[in-house]
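2 protein chains.
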Amino acid sequence: MALNHAPRGSRSASVKDVAAAAGVSLGTVSNVLNRPDRVSTPTRERVERAMADLGFVRNESARQLRAGTSRTLAYVVLDAGNPFFTDVADGMDSAAEQAGLSLVLCNSGQRADREAAHLALFQQQRVQGLLVTPVDPESPSLDAVRDRGTPVVIVDRTRTGSAFCSVAVDDVLGGRIAIEHLLDRGHTRIAFVGGPPDLGQVRDRLVGSRAAWADAGLPEGDLTETLTPTLDVEAGREAGARIAGLPKSRRPTAAFCANDMTALGLLQHAIGNGVRVPEDLAIVGYDDIQFAGAAAVPLTSVRQPRTELGRAAAELAIDEATNPAHEHQQVIFTPELVARESTRH
Amino acid sequence: MALNHAPRGSRSASVKDVAAAAGVSLGTVSNVLNRPDRVSTPTRERVERAMADLGFVRNESARQLRAGTSRTLAYVVLDAGNPFFTDVADGMDSAAEQAGLSLVLCNSGQRADREAAHLALFQQQRVQGLLVTPVDPESPSLDAVRDRGTPVVIVDRTRTGSAFCSVAVDDVLGGRIAIEHLLDRGHTRIAFVGGPPDLGQVRDRLVGSRAAWADAGLPEGDLTETLTPTLDVEAGREAGARIAGLPKSRRPTAAFCANDMTALGLLQHAIGNGVRVPEDLAIVGYDDIQFAGAAAVPLTSVRQPRTELGRAAAELAIDEATNPAHEHQQVIFTPELVARESTRH
DNA sequence: GGCAGTGATTGAAAGGTTTCACTCACGGGG
DNA sequence: CCCCGTGAGTGAAACCTTTCAATCACTGCC
Numbered sequence: 000m001a002l003n004h005a006p007r008g009s010r011s012a013s014v015k016d017v018a019a020a021a022g023v024s025l026g027t028v029s030n031v032l033n034r035p036d037r038v039s040t041p042t043r044e045r046v047e048r049a050m051a052d053l054g055f056v057r058n059e060s061a062r063q064l065r066a067g068t069s070r071t072l073a074y075v076v077l078d079a080g081n082p083f084f085t086d087v088a089d090g091m092d093s094a095a096e097q098a099g100l101s102l103v104l105c106n107s108g109q110r111a112d113r114e115a116a117h118l119a120l121f122q123q124q125r126v127q128g129l130l131v132t133p134v135d136p137e138s139p140s141l142d143a144v145r146d147r148g149t150p151v152v153i154v155d156r157t158r159t160g161s162a163f164c165s166v167a168v169d170d171v172l173g174g175r176i177a178i179e180h181l182l183d184r185g186h187t188r189i190a191f192v193g194g195p196p197d198l199g200q201v202r203d204r205l206v207g208s209r210a211a212w213a214d215a216g217l218p219e220g221d222l223t224e225t226l227t228p229t230l231d232v233e234a235g236r237e238a239g240a241r242i243a244g245l246p247k248s249r250r251p252t253a254a255f256c257a258n259d260m261t262a263l264g265l266l267q268h269a270i271g272n273g274v275r276v277p278e279d280l281a282i283v284g285y286d287d288i289q290f291a292g293a294a295a296v297p298l299t300s301v302r303q304p305r306t307e308l309g310r311a312a313a314e315l316a317i318d319e320a321t322n323p324a325h326e327h328q329q330v331i332f333t334p335e336l337v338a339r340e341s342t343r344h
Numbered sequence: 000m001a002l003n004h005a006p007r008g009s010r011s012a013s014v015k016d017v018a019a020a021a022g023v024s025l026g027t028v029s030n031v032l033n034r035p036d037r038v039s040t041p042t043r044e045r046v047e048r049a050m051a052d053l054g055f056v057r058n059e060s061a062r063q064l065r066a067g068t069s070r071t072l073a074y075v076v077l078d079a080g081n082p083f084f085t086d087v088a089d090g091m092d093s094a095a096e097q098a099g100l101s102l103v104l105c106n107s108g109q110r111a112d113r114e115a116a117h118l119a120l121f122q123q124q125r126v127q128g129l130l131v132t133p134v135d136p137e138s139p140s141l142d143a144v145r146d147r148g149t150p151v152v153i154v155d156r157t158r159t160g161s162a163f164c165s166v167a168v169d170d171v172l173g174g175r176i177a178i179e180h181l182l183d184r185g186h187t188r189i190a191f192v193g194g195p196p197d198l199g200q201v202r203d204r205l206v207g208s209r210a211a212w213a214d215a216g217l218p219e220g221d222l223t224e225t226l227t228p229t230l231d232v233e234a235g236r237e238a239g240a241r242i243a244g245l246p247k248s249r250r251p252t253a254a255f256c257a258n259d260m261t262a263l264g265l266l267q268h269a270i271g272n273g274v275r276v277p278e279d280l281a282i283v284g285y286d287d288i289q290f291a292g293a294a295a296v297p298l299t300s301v302r303q304p305r306t307e308l309g310r311a312a313a314e315l316a317i318d319e320a321t322n323p324a325h326e327h328q329q330v331i332f333t334p335e336l337v338a339r340e341s342t343r344h
């Protein structure tokens, strides 16, 4: 039994060392690694044993340099703290696993500079495909990466034109079904809560809301907008205070929040101030994060098919990387309403 | 202006191409990349221009193969869906950034096979350091990686012996301060909620709870244990039902949950069944995830210094990778109680 | 007994970068 | 005027693996 501990500083064993130890040529060791069926059983076992004894670890850089192909897919996440993206990544992970690839993640934390740094790194690493939920989907830096030969798929965002594959959810429809659900429940004064209004997601959800409202023939002014600077819990709390401050005659009986975080904040404000949910105020959220169902009053929410989103994105990237006949596609998924206590009346 | 779009299939530009285009030697291009100060300004500009024109992207595999050193740190996360780990990763990220490294993540999703696959990949990629929150901290596969020369730091877990650097939080102390807080509030019948009991974290928190209880000289039987099979929301709900079913004389007036998810489930059950929090039942959680403060009744929770945990882990890995005099350390952080409504009486 | 076919193994080239010892030209000091 | 030091740039070797054409040793068949 030879030593299998690589002391600090000592160069780790290479195929050459393994070949020498096993008394075979270098090519044979490579065959054991890549086409074990071409090697006779006794030699293979001898080589495998030598590898174990020497603590051989294949050098991926050298492999990739020579073979020209990497075995990883990378996802630059917009905000790793948002459970939504975690589920998206899960979907990617399973698609990658199926294709024999590994998925690695980096978090941009909404900072364009970090996003750029991560994109550059992965590009240099020659990953098979680059999945990204960009800070700004129109950013020319995405074009730069694609132009230099790395397949890029835009996730949960869309981009004008069709120079990229992208995967997203129909947020206009999402806004529509949220409002239609509340109309079904008999509400005729509804607040849309969210912002900033120039955020693509918020804008689309609002557009869908207005369309549903118009279709129902209700007075335009009764769909009010409570704009928030962000989409977090604090914003929801604060919106709750503003709504509660309205005179009863003009106060909405239901609120549609542009995401679940905001809805949770609104719910917290309500419960803390004796506003009954759903009796006094019905609430619909968006995203259906895990905590929506776990809230004090389980939240009705618009669910996006997160896992499928990720899976589709990864599959597109793999196709773009391997299929010469690949054509860019913009996949749009359909959201779905999950009804829970917060609108059960 | 030359073309800077690499058509599919065309080999991308190499240093050699850049050198030719700029009319300099290969070594000079490398100098521009790695030691720009050794190159005269005019030549440097000529080379940079050639790079831009050709859309040159440095091949990281080749760089790493030759230079022998990688520029990345990797973290194999136990459960990317748990916001706790996200914050840990944030801390690592900032330490990495400071050291000029990139942090990449992989999710094991609690599956030992995936963990092993990720470890193997990163090992082959010769990452500078490998951070891991393992499914099983005692697993010999961790030793194998370390023995083959990659620095390994165990995160949020501890391991017997001191063959590894590790970073964790004192969960015994965490359990103690949770119970002490409830004792301060005058509770004398308390339920410990969590499980499975062989999970290291759960065990330690329970040990600390019992110690605090014993120190207070209270009757042993009045610290009851409501064991759950997991630490999720569902488990908390179900524990809530069990507690509510107890005769009033034996029913605890407070619960300490082994994590926030379970506490949220318990809270949800309480609110849904007319149990007032904290009047009828005070609740203390653990982890202080973002949603603890956002709950209907904001949760008192034991906070772990998550970001610092990650930062320390990354720093240890970097030290082990670069400092020949490195010695393994087991860093233990101190948790801290964050008091909120759920125990305010 | 020779030959074709087959399966196992070999050896050298190639892949893109960094490194380092070296050359070259130039200016200043003795 | 010569020599030396200096700054700029060069060229070949090295890093480790994969690939592929070529070699070798057999087996079974005519």
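Those protein sequences? They're chains W and R, same order as listed. In case it helps, numbering that gives the first Met the number 0 puts the first sequence at residues 0 to 344. In case it helps, numbering that gives the first Met the number 0 puts the second sequence at residues 0 to 344. Note that CB positions come from ideal geometry on N, CA and C, so glycine has one too.
Proximal chain W residues relative to residue i, where beta-carbon distance stays under 9 angstroms
i        : result
R:Val232 : Gln289, Phe290, Gly292 and Ala293
R:His117 : Ser101 and Val103
Helix, strand or coil at residue i according to DSSP, with G and I counted as helix
i        : result
W:Ala167 : strand
W:Glu137 : coil
W:Leu198 : coil
R:Leu2   : Only weak support exists for where R:Leu2 lies, its pLDDT of 41 falling under 50; the coordinates are left without a value.
W:Asn30  : helix
R:Glu44  : helix
W:Gly220 : helix
R:Leu226 : strand
W:Ala295 : coil
R:Thr68  : coil
W:Val151 : strand
W:Ala12  : coil
R:Ala215 : coil
Span of the beta strand (DSSP E) around residue i
i        : result
R:Ile331 : Gln329 to Phe332
R:Gly193 : Ile189 to Gly193
W:Gly128 : Gly128 to Val131
W:Arg302 : Thr299 to Arg302
W:Leu100 : Per DSSP, W:Leu100 belongs to no beta strand (DSSP E) and is neither H nor E.
R:Ala253 : Ala253 to Cys256
Bounding residues of the alpha helix (DSSP H) (the contiguous stretch that carries residue i)
i        : result
W:Val337 : Segment Glu335 to Val337 is the beta strand (DSSP E) holding W:Val337; no alpha helix (DSSP H) there.
W:Gly54  : Here W:Gly54 belongs to no alpha helix (DSSP H), and DSSP marks it neither H nor E.
W:Ala116 : Ala111 to Gln123
R:Asp286 : Premise fails: R:Asp286 lies in the beta strand (DSSP E), Ala281 to Asp286, not in any alpha helix (DSSP H).
W:Ser309 : The sequence as given places Gly at residue 309 of chain W; Ser does not occur at that position. That run of the alpha helix (DSSP H) goes Arg305 to Thr321.
R:Ser93  : Pro82 to Gln97
W:Thr261 : Asp259 to Gly271
R:Glu237 : Val232 to Ala243
Beta carbon proximity, residue i to chain W, threshold 8 angstroms
i        : result
R:Ile178 : no
R:Leu263 : yes
R:Ile282 : no
Below-8 angstroms beta-carbon distance, residue i vs any chain R residue
i        : result
W:Glu307 : no
W:Pro82  : yes
W:Ile345 : Past the boundaries of the shown model lies residue 345 of chain W; chain W is included only from 0 to 344, so the question cannot be answered.
W:Ile270 : yes
W:Arg339 : no
Chain W contact residues for residue i, given Cβ-Cβ distances below 8 angstroms
i        : result
R:Ala61  : Ser60 and Leu64
R:Asp169 : Ordered by position in chain W, no residue passes the 8 angstroms Cβ test against R:Asp169, which lies about 25 angstroms from the chain.
Chain-ordered neighbours of residue i on chain R, where CB pairs are closer than 9 angstroms
i        : result
W:Ala105 : The question names Ala, but residue 105 of chain W in the sequence shown is Cys. Those within 9 angstroms of W:Cys105 in chain R are Asp92, Ser101, Leu102, Val103 and Leu104.
Partner residues on chain R for residue i, Cβ-Cβ distance less than 8 angstroms
i        : result
W:Gln124 : Glu59 and Ser60
7 angstroms Cβ cut-off: residues of chain R touching residue i
i        : result
W:Leu266 : Ala295
W:Arg147 : Ala5, Ser11, Gly54 and Val56
Under 7 angstroms from the C-beta of residue i: neighbouring residues of chain W
i        : result
R:Ala79  : Thr85 and Ala88
R:Leu120 : Ser101
The region 147-158 of chain W / the region 291-301 of chain W touching (three or more Cβ pairs under 8 angstroms)
no
Take every Cβ of the region 301-317 of chain W, pair it with every Cβ of the region 90-107 of chain W, and state whether three or more of those distances are shorter than 8 angstroms.
yes
Hey, is the region 121-140 of chain W in contact with the region 34-44 of chain R, meaning 3+ C-beta pairs nearer than 8 angstroms?
no
Check whether the region 108-124 of chain W touches the region 84-91 of chain W, counting contact only when three or more Cβ pairs, one atom from each stretch, lie closer than 8 angstroms.
Look at the beta carbons and you see the region 108-124 of chain W not touching the region 84-91 of chain W: under three pairs across the two are nearer than 8 angstroms.
Can you find at least 3 beta carbon pairs, one from the region 188-202 of chain W and one from the region 8-25 of chain R, that sit closer than 8 angstroms?
With a cut-off of 8 angstroms, the region 8-25 of chain R and the region 188-202 of chain W do not count as touching, because too few Cβ pairs lie within range.
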